[in-house]
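First up is the structure itself, then whatever we jot down about it.
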Amino acid sequence: DAKTTQPNSMESNEEEPVHLPCNHSTISGTDYIHWYRQLPSQGPEYVIHGLTSNVNNRMASLAIAEDRKSSTLILHRATLRDAAVYYCILRDVNFGNEKLTFGTGTRLTIIP
Amino acid sequence: DGGITQSPKYLFRKEGQNVTLSCEQNLNHDAMYWYRQDPGQGLRLIYYSQIVNDFQKGDIAEGYSVSREKKESFPLTVTSAQKNPTAFYLCASSIRGTFEAFFGQGTRLTVV
């Protein structure tokens, strides 16, 4: 399985943008980039996904490098409720591999 | 309401006993997953199933068993062969070939 590398932890001030990086240098052409986040004592929740182009939704934006070897999750205006562990995951959804493998993620702390 | 339900939320067992964790979903999802999470760690995949009556081992299947007799149910048995069973267990489901997986609230198993 293709691997991802994320910083163990990051801090950000409340109401400021947050950029969470992810490296995936061994990504294959059919791997989608997914982001999930896990609030304390809860199961992870889906945040966003993308393949090649940058993506926006109500929760966040995903910026994907042109060579696809890295990506950045952007929270435009962090709130205290965004404090969580953020996971960057690669997933091949061409029906050949439905595994969803998580790494250790980035623990995001929001400073009031 | 549609969703994925894990029960119980907390479970205590004596060492040497097998224990079965329940996971039920009414989302009509084909794929289901079991993960284990230890304190301060990421999620590790135990087993996953893409279709009824079929399942595959994940990264840490030793000491665990599963069944998938019904689409909506994917119970996990933690056997006495699992050396360190105390952990937070998470179940998830998704539609095959799609991007979003839904997680339950987890079962915290403590073996004494």
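Chains as they are written, first to last, in our numbering: chain A, 1 to 112; chain B, 1 to 112.
Using N, Cα and C, we set each Cβ at its ideal position, and we do this for glycine too.
Treat the numbers as computed from the prediction; the structure is a model and nothing was measured.
Within 8 Å, strictly: CB atoms of residue i and residue j
i	j	result
B:Ala61	B:Ser49	no
A:Glu108	B:Ala101	It is worth fixing the name first, because residue 108 of chain A is Leu in this sequence and not Glu. Contact flag unset, no.
B:Thr86	B:Tyr64	no
A:Gly43	B:Gly40	no
B:Tyr35	B:Leu45	yes
A:His24	B:Phe99	no
A:Ile110	A:Ser12	yes
A:Leu80	A:Val47	no
B:Leu109	B:Val52	no
B:Gln25	B:Glu69	no
A:Arg77	A:Ile27	no
B:Gln56	B:Tyr47	yes
A:Ser71	A:Cys22	yes
B:Cys23	B:Phe88	no
A:Thr104	A:Pro7	no
A:Phe102	B:Gly42	yes
Partners in chain B for residue i, counting only beta-carbon separations shorter than 9 Å
i	result
A:Lys3	By Cβ distance, chain B contributes nothing, its closest Cβ being about 12 Å from A:Lys3, past 9 Å.
A:Thr101	Leu43, Arg44, Leu45, Gly58 and Asp59
Cross-chain neighbours of residue i in chain A, by beta carbon under 9 Å
i	result
B:Gln25	Residues of chain A passing the Cβ test: none, with the nearest at roughly 12 Å.
B:Phe74	Result: empty, since nearest Cβ-Cβ is about 13 Å, beyond 9 Å.
Under 8 Å from the C-beta of residue i: neighbouring residues of chain B
i	result
A:Thr104	Gln41 and Gly42
A:Tyr87	Gly42 and Leu43
Partners in chain A for residue i, counting only beta-carbon separations shorter than 7 Å
i	result
B:Phe12	In chain order: nothing, as chain A lies at least about 17 Å away.
B:Glu100	Tyr46
First through last residue of the beta strand (DSSP E) which encompasses residue i
i	result
A:Pro21	Val18 to Asn23
A:Ser71	Ser70 to Leu75
A:Gly103	Per DSSP, A:Gly103 belongs to no beta strand (DSSP E) and is neither H nor E.
B:Arg44	Leu43 to Ile51
A:Arg37	Asp31 to Gln38
B:Ser7	Ile4 to Ser7
A:Asn13	Ser9 to Asn13
A:Gly50	Glu45 to Gly50
B:Phe99	No beta strand (DSSP E) holds B:Phe99; DSSP gives it neither H nor E.
A:Ala63	Ser61 to Ile64
B:Gln25	Val19 to Gln25
B:Gln56	Asp54 to Lys57
B:Phe88	Ala87 to Ser94
B:Thr151	This structure gives no information on residue 151 of chain B, because the portion of chain B shown stretches from 1 to 112.
Contacts of residue i in chain A (Cβ-Cβ under 8 Å)
i	result
B:Gln105	Gln42 and Gly43
B:Tyr33	Leu100
heavy atom of the ligand GDP below 7 Å from residue i C-beta
i	result
B:Thr86	For the structure depicted, the ligand GDP is absent and the ligand set is empty, with no information on it obtainable.
| said: Tell me whether the segment 60 to 73 of chain A and the segment 12 to 24 of chain B touch, counting them as touching only if at least three CB pairs, one residue from each stretch, are closer than 8 Å. | reply: no
| query | Residues in the segment 8 to 36 of chain A with C-beta within 9 Å of chain B's C-beta atoms, listed in sequence order? | reply | Tyr32, His34 and Tyr36
| message | Quick check: the segment 83 to 91 of chain A against the segment 24 to 38 of chain A, are at least 3 beta-carbon pairs closer than 8 Å? | response | yes
| task | Output, in sequence order along the chain, the residues in the segment 81 to 97 of chain B whose CB is closer than 9 Å to any CB in chain A. | result | Phe88, Leu90, Cys91, Ala92, Ser94, Arg96 and Gly97
| task | Check each residue of the segment 40 to 52 of chain A: if its Cβ is closer than 8 Å to any Cβ of chain B, include it; give the result in chain order. | result | Ser41, Gln42, Gly43, Pro44, Glu45, Tyr46 and His49
| field | Three or more C-beta pairs below 8 Å linking the segment 87 to 96 of chain B and the segment 21 to 36 of chain B | value | yes
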